[in-house]
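Here's the structure we're looking at; comments come further down.
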Amino acid sequence: MASASDQILSIKIPVLAAQAAAFAAGAFSGAPFLFIIFQAAIACAIYLNYKSGISKNDLPDFYYYISIIFSLPFICFYMIKKTVKLVSTAAAEERPNSTVTEDIKKHIKADWDSYAEFKTPVYGHSSLASNAVPIVDLLSGEDIEIKRKSIIILHKLKTVKSIALLKKALSDANVEIKFMAASALLNIENDFKERIKNLEEEIARAEEENYPALQELRYNLAAVISKYLMSGLLDNIGQKKLGELMHYHLNSAIAENKNYIEALALLAGEYFKKAMYKEALEIVENALKNPALSGCSEDVKISLVTLLCEIHYACRDIDKLGRACASIKNYLNAEVLKKRPELIDFEKSVKYFAEAGAMKGGTVNG
């Protein structure tokens, strides 16, 4: 009497061929349950046909082989599926320009991030143009892995808009996402406090040593405080206290260097946020006439002319808005728009108001 091993091995090739054919048929027809039915059928067929020829001592081995024949394809399929998923996840994490990362960064680019770069205060809170990528949809979706990645990226960016999105994540139904968002916000807040403390200490040392470029340190501190105030992480008392400190250092920086265009742009932006349009307009117009502007970066120039348009728009002065938009067109060339895609929609608004102003002027002259 042949052993269980010999009898099973004698039919291994037909069984494997039949399993492969059944798997292909199930996959092709989109009915994987057919493969399960086939597996059950082949196990029963082997059991009924070969049981009588197996010795009593070999029956345990025989049952073991039948169970392997039935279950092995499912085990292998699960292992392959799990491996593919792990490899895909690892590749997505290593890919520097993933869709999630790029979408979030495009959204954040519209933000004025003096936190990251003190010397290029880009005014980006534009009511003329809205370029918000719906990143909030990622955080309100069902994919936990995408939510995790979003939280991590938003935490690293630490911009005003990323902070706003992290706050939205606090209401997520998933406890892990809530915890990650809360931890990220706490870390960002502590980072703000640490940076402000370090800059205050640096300013104090510079004052004692008569540091010649003290206005730069004051501007840096004011820029960080401005960002902190915009973040919405402070209560009313904290906002008032830090707001006074910001204006003190900002005005001190301008008093020490009246041609400090970056500081003037920041102060004008702060006045604009408080609806002090007259004061903001005076600062912007004087800064645009200042010869020192020629030595500033393109970002500073764009921030000033953008703010000029925003002020006229807020004041509903369409004539002046049209003239301001006509003057800004020279700054928004193809090269700038390529570097700063967040300005594309704003540039369309600029063209519209500039053309409207030109048409109105032509009608009046006619």
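Counting along the sequence shown from 1, when you hit position 70 you're at 940 in my numbering, and nothing is skipped either side.
Using N, Cα and C, we set each Cβ at its ideal position, and we do this for glycine too.
Remember, it's a predicted structure, so these values are computed and weren't measured experimentally.
- Counting the other Cβ atoms within 10 Å of the Cβ of G1165 gives fewer than 16, which makes it exposed.
- When DSSP assignments are scanned along the segment 1054 to 1119, the uninterrupted stretches of alpha helix (DSSP H) that are 4 or more residues long and fall wholly within it turn out to be 1084 to 1101.
- When C1185, E1180 and K1208 are compared, the shortest CA-CA separation from S1219 is found for E1180.
- Here DSSP, grouped into helix, strand and coil, assigns N1156 to helix.
- Distances from the alpha-carbon of L1009 to those of E1086, E1078, L1027 and N1044 put N1044 closest.
- Taking a contact as a CB-CB distance under 8 Å, the pair G1102 and I1033 counts as one, their CB atoms being some 7 Å apart.
- With respect to the C-alpha of P1161, the residue from D1105, N1129 and A887 having the closest C-alpha is N1129.
- With 16 or more other Cβ atoms inside 10 Å of its own Cβ, E1140 counts as buried.
- Here L1120 is not near V1154, since their CB atoms are 8 Å or more apart.
- F1216 is classed as buried because its beta carbon has at least 16 other beta carbons within 10 Å across all chains shown.
- Secondary structure at T1176: helix, using DSSP grouped into helix, strand and coil.
- With fewer than 16 other Cβ atoms inside 10 Å of its own Cβ, C914 counts as exposed.
- The C-alpha of S1041 is placed about 14 Å away from the C-alpha of E1012.
- Linking A1150 to K1017 through their CA atoms gives a straight-line distance of about 40 Å.
- Assigned with DSSP and collapsed to three states, L1151 falls in helix.
- Counted as a single uninterrupted DSSP element, the alpha helix (DSSP H) harbouring S1197 occupies residues I1188 to I1198.
- Where G1139 is concerned, the enclosing alpha helix (DSSP H) starts and stops at I1131 to K1143.
- In the DSSP assignment, S1164 falls outside any alpha helix (DSSP H) and carries neither an H nor an E.
- Annotation: the continuous alpha helix (DSSP H) that includes S1020 extends over I1014 to L1027.
- Note on geometry: alpha-carbon atoms of N1090 and L1069 lie some 8 Å from one another.
- L1174 sits away from A1123, with the two beta carbons spaced by 8 Å or more.
- L1207: member of the alpha helix (DSSP H) spanning A1204 to K1209, first to last residue.
- Judged by DSSP secondary structure, K1038 falls within the alpha helix (DSSP H) whose first and last residues are V1030 to A1039.
- With a 10 Å radius around the Cβ and a threshold of 16 neighbouring Cβ atoms, S1096 comes out buried.
- Here Y935 is buried, its C-beta having at least 16 other C-beta atoms within 10 Å.
- Between L1087 and E1072, the C-beta spacing is below 8 Å.
- If you draw a 10 Å sphere on the C-beta of D1169, you find 16 or more other C-beta atoms in it, and that means buried.
- Apart from the 5 residues on each side of it in sequence, H1182 sits with its Cβ closer than 6 Å to the Cβ of K1190, L1191 and A1194 in its chain, given in chain order.
- Secondary structure of N1121 (DSSP, three-state): helix.
- Here DSSP, grouped into helix, strand and coil, assigns D931 to helix.
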